[in-house]
Amino acid sequence: MSRHRFSGWPSVWLAGLAFVLQPSMGPAQAPVQQAAVQQPEQTAPKAQEFQPTPEQMGDSLMAHQRYQAAIEEYKKAAPTSISALNKMGVAYQLMFNTNDATKCYQAALKRDPKNAIAWNNMGSVYMTEKLYATAEKTYKKAVKLDPKTALFRKNMGTAMLAQHKYKKGWAEYQAALAMDPNIFSHNGNIRVENPSTIQDRGAMNFYMAKGCLKAGMTEKAIYYLRLALNEGFTTPKKILADAELAQLQDNPEFQQMMAAQGVYLNGDPSSARPQVRQ
């Protein structure tokens, strides 16, 4: 079996799924096995080799996208570890096995009904199944139990947007941003949510754009706006009329995107004001 290195306490956000890696002992933390009597000819004692727990092995396998192998390790830890149950559910979900994922989250909640991570992850199952109202209620439970976790607020906002509750969804996104300005910038995420229509995706992308702009991520904001335009959720006129997006109008990339839509913010000799091509 190959050995893997384990990091300290990183949190991995799998697009709405909460997944926290277990801590590990580095070489400096490994217990030192001392001889009872030190003989002159003996060399200095070596640090005992660190042996990862099954849960830590599962974490490492997850990082390498070996989900089935991770599940087998988590099964060993699950009888005594609620976090292992949650992680096993995540692994199942990333293999599109929502039935077994649900069983894992329910088992975690049976042991600890106040486990906010399990409620959050159950919400992601409902999002996958397009049960957006149920997902919203489930995320609310996670938020009530842990109101200071930005991911839970962002997820609840996404569920609201999927139900066309745009103002409420945007309010939750802003609350998430206030807690974690980088909540929209986590990279390498695996999407689990699956909005039912292109229009739903457009709405989420539009408000993601606003969230990114509020967090100072202009390039990502323009990227999400372009998606929202392509998905038909918004129009150039609506974007230009939105006061929260006004600061983009001097951005060359934004101007180029608008020009592709027939809106000229700069360099159109026929008019000094933006016009939409009919």
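Using mature numbering (1 follows the signal peptide of the UniProt record, and there is no 0), the letters of the sequence shown correspond one by one to residues -30 to -1, 1 to 248.
The beta carbon of each residue, even a glycine, is placed where N, CA and C say it ideally should be.
Just confirm the distance between the C-beta atoms of residue i and residue j, as a whole number of angstroms; I'd bet it's less than 8 Å.
i, j, result
"LYS45", "MET65", "No, LYS45 and MET65 are not in contact; Cβ-Cβ is about 14 Å, not under 8 Å."
"SER94", "GLN63", "7 Å"
"MET97", "ARG123", "The Cβ separation is near 15 Å, so there is no contact."
"residue 259", "LYS118", "In the structure displayed, the chain extends from -30 to 248; residue 259 sits before or after that span and is not available."
"MET187", "SER155", "6 Å"
So, with DSSP's three-state summary, where would you put residue i?
i, result
"ALA71", "helix"
"ALA(-13)", "strand"
"PHE(-25)", "The predicted position of PHE(-25) is uncertain, since its pLDDT is 31 and thus under 50; no value can be drawn from it."
"GLN8", "For GLN8, the pLDDT reaches just 37, beneath the cut-off of 50, and the residue's location in the model is therefore unreliable, although a value from the coordinates is still provided. GLN8: coil per DSSP, three-state reduction."
Taking residue i as the reference, give the member of the options with the closest Cα.
i, options, result
"MET92", "TYR75, GLU99, LEU215", "TYR75"
"GLU99", "MET27, GLY127, ALA132", "ALA132"
"LYS80", "LEU215, SER51, LEU199, MET97", "SER51"
"GLU183", "MET32, ALA112, TYR102, TRP140", "Sequence inspection shows Leu at residue 183; the Glu mentioned does not correspond to that position. Closest option to LEU183, Cα to Cα, is TRP140."
"MET227", "ALA213, THR108, VAL113, THR205", "THR205"
"ALA145", "PHE224, TYR177, ALA88", "TYR177"
"residue 250", "THR104, ASP170, TYR194, ALA71", "Past the boundaries of the shown model lies residue 250; the chain is included only from -30 to 248, so the question cannot be answered."
"GLN217", "PHE203, LYS107, GLU201, LEU235", "LEU235"
"PRO83", "GLU106, LYS111, LYS107", "LYS111"
"ILE87", "ALA54, PHE203, GLU43", "ALA54"
"ARG171", "THR72, ALA230, HIS134, GLU42", "HIS134"
Taking 8 Å as the threshold (C-beta atoms), are residue j and residue i in contact?
i, j, result
"residue 256", "VAL60", "The displayed coordinates of the chain run from -30 to 248. Any statement about residue 256 would go beyond what the structure contains."
"ALA173", "TYR143", "no"
"GLU223", "ILE192", "yes"
"ALA78", "ASN67", "no"
"TYR109", "ASN90", "yes"
"LEU121", "ILE153", "yes"
"LEU210", "GLY181", "no"
"PRO24", "ALA39", "no"
"LEU197", "ASN221", "no"
Compare the C-beta of residue i with all C-beta atoms of chain B and state if any pair is closer than 8 Å.
i, result
"MET126", "Considering every chain present, this structure includes no chain B. It has just one protein chain."
Item to check | Entirely enclosed beta strand (DSSP E) segments - the segment 101 to 181, minimum 3 residues | outcome: For the segment 101 to 181, not a single whole beta strand (DSSP E) run of length 3 or above is found.
Checklist entry - Curious, which full-length alpha helix (DSSP H) runs of at least 4 residues does the segment 20 to 87 contain? => result List check, alpha helix (DSSP H) in window: 24 to 33, 37 to 47, 52 to 64, 68 to 81.
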